[in-house]
Structure formats: structure tokens, C-alpha cells
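Here the structure is laid out as C-alpha cells; the discussion comes afterwards.
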Amino acid sequence: MDDSKKTSQPGSVEELKTKGNECVKDGKFIEAVLHYTQAIKLDPNNYVLYSNRSFAFLKLDQHYLSLQDANETVRLQPQWAKGYFRRAEVEAASGLHDEAIISYTRALQLDPHNPKLMESIKSITDMQNKKMKSNQNTIWICTCLGLVLGILVVILDYSLTSTPTLTHPFSMVAFSIALAGIGYAAGKTASLMDSWSAGKSLQPPEDLGLNDSSKEQETTIPEKKKYSKAQARQRYKQGKL
1 MDDSKKTSQP
11 GSVEELKTKG
21 NECVKDGKFI
31 EAVLHYTQAI
41 KLDPNNYVLY
51 SNRSFAFLKL
61 DQHYLSLQDA
71 NETVRLQPQW
81 AKGYFRRAEV
91 EAASGLHDEA
101 IISYTRALQL
111 DPHNPKLMES
121 IKSITDMQNK
131 KMKSNQNTIW
141 ICTCLGLVLG
151 ILVVILDYSL
161 TSTPTLTHPF
171 SMVAFSIALA
181 GIGYAAGKTA
191 SLMDSWSAGK
201 SLQPPEDLGL
211 NDSSKEQETT
221 IPEKKKYSKA
231 QARQRYKQGK
241 L
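FYI, UniProt numbering numbers position 7 of the sequence shown as 7, with every residue one higher than the one before it.
Spelled out as C-alpha cells, the structure:
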């Protein structure tokens, strides 16, 4: 009987894996995750199942769960290029371009003749360069807008008011440069905020239900009733304390 169970289990795993793959082809990613999860319960060391489920999670924009499965794939089979490829895909989708390049490069080291990996590295590198240029353009545009605004204010102040606030050429230049500096700071802040937003989708869910038991324990523990000194002495005499 034990032998029959052992022989039937791989068939069940393969059947669930096949169903999951079919669901992926049909775009039914939630169903695919369910099939892969059932297969993983039967064969928890099957790194291919984690890789497939990572892909399904990625298609569902569940980046945190997708990365967990990708990391588990790498842990179970560190010499399999596809595990690092899965991890790189999640990192790229999350905006972590530097990390994605590292993972793609590791995959390419294990599979140096894979054209898809070479294309992915080139694509993510180009994307990173475009992002850097975009951030630089944002900074210079904000700086120029600040400078133009400063010059415009100086001109309006000098031409439309009877007693201009800025009368000395040095003060006019300093005011324009100050607004240009404010524009530069605004552009730099916008670029930094864009960088800080990268990887946010990889944050774990706020509540994974891990603290339910502790919460139940907290709610079931009764609070100790407080007594006055006189009541305490009386209860002590009665042997209740």
C-alpha cells in the first residue's frame, strides 16, 4: 500500500502542474496558483512548481508573493538559471532595475547562450538609462523654470511698481538665482521620490493572519480585578486570595 501511494503521488503532482500550466496559457492565473499550491503541498521541494507559481503571481501583480517563490526556487536549485530569471522579472516589474540586472546577469552566467536573457539585460539597461535621463531632465527643467520665474518677477517688480523692492542689480541676480535653486531642489526631490517608490510593491501585506492566535489570547485573558485595601484584607481572611 505504501508503494502504491508513492507511485500515485508523483502522478498527482504532475497532473496538478499540467492543469496549472493550462490555466496560465488560458490567462486563468488565480486557478493556476491554486493548482500549483496543491502540487507544492504534495511535493514541497519541487523547484519548478515554485517557479511556475512565481510567474502566475507576477501576472496577478502580487510582487511580494512572486518574489518569495522566486527566492524559494533559487534556494532549492541554485544552479538553475530560470530561478534567477524569475527573480529578475519580479524586480524589474517592481522598479528595482539594479537588482534586476544582477539577477539577470547571474542567470546568464548559468545559461550563457540564452538569447532571451541577453535581450532582457539590454532592455532593463536601456530602461534604467532612460529613467536616469528623465530624472536629469526633470531637475534641469525645474531649475530653468525657477530661473525664468525669478527673472520675470524682477522685471515686473521693476517696471510695474513705483518703488521696486529689488533696486540693486546684485539683489536682482541673487533673487533669480535663489528661485532657480528652489526649482533645482524641487526637481531633485521629485527624482528622489521616484527612486524611493521603486520596490514598494515588494512590501509584504499588512496582515497575513500571523497574529490571530496572539490576538485571541489577548482577548481571552481576563483582567485581574482590583480591590481596595479593606476589601483585600477581608478576602485574605476568607481565604480567597
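We put the beta carbon where it would ideally sit given N, CA and C, even for glycine. Being a predicted model, the structure only gives us computed values, none of them experimental.
Indicate the three-state DSSP secondary structure (helix, strand or coil) for residue i in the structure shown.
i    : result
T125 : helix
N45  : coil
K28  : coil
D61  : coil
G95  : coil
K6   : Residue placement at K6 is flagged as unreliable, the pLDDT there being 41, under the threshold of 50; the coordinate-derived value follows with that caveat. Helix at K6.
H113 : coil
T143 : helix
P204 : coil
H35  : helix
L166 : coil
Q77  : coil
My guess is that residue i and residue j are in contact by the Cβ rule of under 8 angstroms, so how many angstroms apart are they, rounded?
i    : j    : result
V148 : L166 : That pair is no contact at about 16 angstroms.
T139 : G187 : Note on identity: in this sequence residue 139 is Ile, with Thr being the wrong assignment. Going by Cβ atoms, the distance from I139 to G187 rounds to 4 angstroms, so yes, they are a contact pair.
So with Cβ pairs under 9 angstroms, would you call residue i a contact of chain D?
i    : result
T161 : Within the model displayed, chain D is absent; a lone protein chain is all it includes.
Just to confirm my understanding: we take residue i, look at its own chain, exclude 5 residues before and 5 after, and list those with CB closer than 7 angstroms. What are they?
i   : result
E91 : E99, A100, S103
R86 : S51, S54, F55, A70, T73
H63 : V90, A93, S94, S201, L202
L65 : F57
L67 : R87, V90, L202
S12 : L42
Q77 : Y47, G83
Give every residue of the same chain whose Cβ lies closer than 6 angstroms to the Cβ of residue i, excluding the five residues on either side of it in the sequence, and list them in chain order.
i   : result
A81 : A107, L110, D111
Checklist entry - With a cut-off of 8 angstroms, do at least 3 Cβ pairs link the segment 148-166 to the segment 122-137? => result no
Checklist entry - Are there three or more Cβ pairs, one per stretch, closer than 8 angstroms when the segment 132-152 is compared with the segment 173-192? => result yes
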